[in-house]
Every structure is written in structure tokens, then in C-alpha cells.
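When the letters of the sequence shown are read in order and numbered with the numbering used here, they come out as residues 7 to 187.
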Amino acid sequence: MIEDRLLVWRFNRGDTAALCRIYEKHRDGLLKVAAALLSDKSGVEDVLHDVFVEFAQSTGRFRLKGSLKGYLAICVANRARDRNRTVRRRDSVNLDGVLPQRADANRPEHVAMSREFVAQLDTAMAELPDEQREVIVLHLQSRLRFREIARLQGISVNTAQSRYRYGLDKLRSSLNSEVRS
């Protein structure tokens, strides 16, 4: 957090190396957020690029009121939402790289089960309303606290927590019905 504040300070004074460091530091996490919220792989890099182009244009006037990681994650989520609306496609949500890997994950039966589970989870995530999916991804993938998600999205903490809880309930219900089928 202190490093981010220093980088923002340097960035606001025109230091391009600071912008590069911000990009390098947060790129992987932001790509995962975009991948989890977009259905098309080709759009992931585009979303991140758009966010950083807009961020770079704010040199000299950017004011950080929280965590830089949280701010950028919300920007990515907003841009992904805009792209999904434009494309009007909600086929599936890609969660590759989001789930932790198990030690025995290389065994064929585990690989097959993992792929099947990820496919079911992708489908279930795609069925969630955008608001619930975003809160789940921002909380679990970007590790943002509900307070920060609420502040960045302009909603109350209770609303963020409710969206998370209702989203998880829908995921649980959807995945349980898949198991019974």
C-alpha cells in the first residue's frame, strides 16, 4: 500500500517508470478479474489496455482514496461490464487460474473432474446477475474487502455483502442441481 502511494505520487509527477511499475505489479491480478468477468478471451487484454490508457491520461490529477489495487480492479470490472453490454453476450464466465491447484491435480481422474467442475462453475457464474458476479470476483479473486468494494461501487457495505451472499447461494443451488442431475 505504501509502495502504491509512492508510485501514484511519482506517476502524478510524470514518471513513466512509475506507471510501468504499477502495470507490472497489478497486471496478473487484473487479467484474472477481466477473465472471470468476460466470456471472450480476446477481450481480456483489451479491457486491461483500455483501463491503463485511461489511467495514464489522468497523470497529474489522479487522487487515490483507498487501495490502488481495488481502484484498478473496479475499473476493470466496469470496463468488462461495458464490453459485455456492447457485445451482448453472456455465454460463460472463465475461471481458469482462479481455482487453487491441488497437489494430486495431475492424476487423470482429478484432471477430468476438475475440468468438469470448472465448466459447471463457468456456467453457473454466467447465470448470475452482473452485480453479484462482480462482487464475488472482486472479493474472492482480488481479495478486496466488502467495505472497499462498496466504496468503489458507490453502494452500502450491506448491499455488497448481500450481493455476495445471494450470489453464492445461487451458485450453490445451481451446482447442487448439477450434481443431482
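Note that the Cβ used here is the ideal one computed from N, Cα and C, for glycine as well. Since the model is a prediction, treat every value here as computed from it, not as a measurement.
Short of 8 Å in beta carbon distance, which residues of its chain neighbour residue 62, apart from the five on each side in sequence? Order them along the chain.
Taking C-beta separations shorter than 8 Å and ignoring five residues to either side along the sequence, the partners of residue 62 in its chain run 25, following chain order.
Please classify residue 164 as buried or exposed, where buried requires at least 16 neighbouring CB atoms within 10 angstroms.
Burial is judged here by how many other beta carbons sit within 10 angstroms of a residue's own beta carbon; residue 164 has fewer than 16 and is exposed.
Does DSSP classify residue 65 as helix, strand or coil?
Three-state DSSP puts residue 65 in coil, outside helix and strand.
Measure the CB-CB distance between residue 42 and residue 53 and report whether it falls below 8 Å.
In this structure, residue 53 does not lie closer than 8 Å to residue 42 by Cβ.
Spatial neighbours of residue 33 within its chain, please: C-beta separation below 8 Å, excluding the five flanking residues on both sides.
Shown here for residue 33: same chain residues with a beta carbon closer than 8 Å to its own, the five before and five after excluded, namely 54 in chain order.
In three-state terms, what does DSSP make of residue 71?
Residue 71 falls in the coil class under three-state DSSP.
Compute the distance between the beta-carbons of residue 168 and residue 130, then report whether it is under 8 Å.
Taking C-beta atoms as the reference points, residue 168 and residue 130 fail to come closer than 8 Å.
Nearest to residue 11 by CA position, among 64, 51, 58, 69, is which residue?
Closest in C-alpha terms to residue 11, from the list 64, 51, 58, 69, comes 69.
Look at the alpha carbon of residue 82 and the alpha carbon of residue 22, and state the distance between them as a whole number of angstroms.
Their backbone Cα atoms lie some 21 Å apart in a straight line.
With 16 as the cutoff for other CB atoms within 10 Å, does residue 91 come out buried or exposed?
So residue 91 ends up on the exposed side.
Start and end of the alpha helix (DSSP H) containing residue 138?
If you look at residue 138, you'll find it in the alpha helix (DSSP H) that goes 136-146.
Span of the alpha helix (DSSP H) around residue 34:
Element bounds for residue 34: 22-43.
Could you have a look at residue 180 and say whether DSSP puts it in helix, strand or coil?
Per DSSP, reduced to three states, the secondary structure at residue 180 is helical.
Kindly indicate which three-state DSSP category residue 173 falls into: helix, strand or coil?
Correct three-state label for residue 173: helix.
Find the nearest neighbour of residue 46 within the set 144, 128, 158, 121, judged by alpha-carbon distance.
With distances taken between Cα atoms, residue 46 lies closest to 128.
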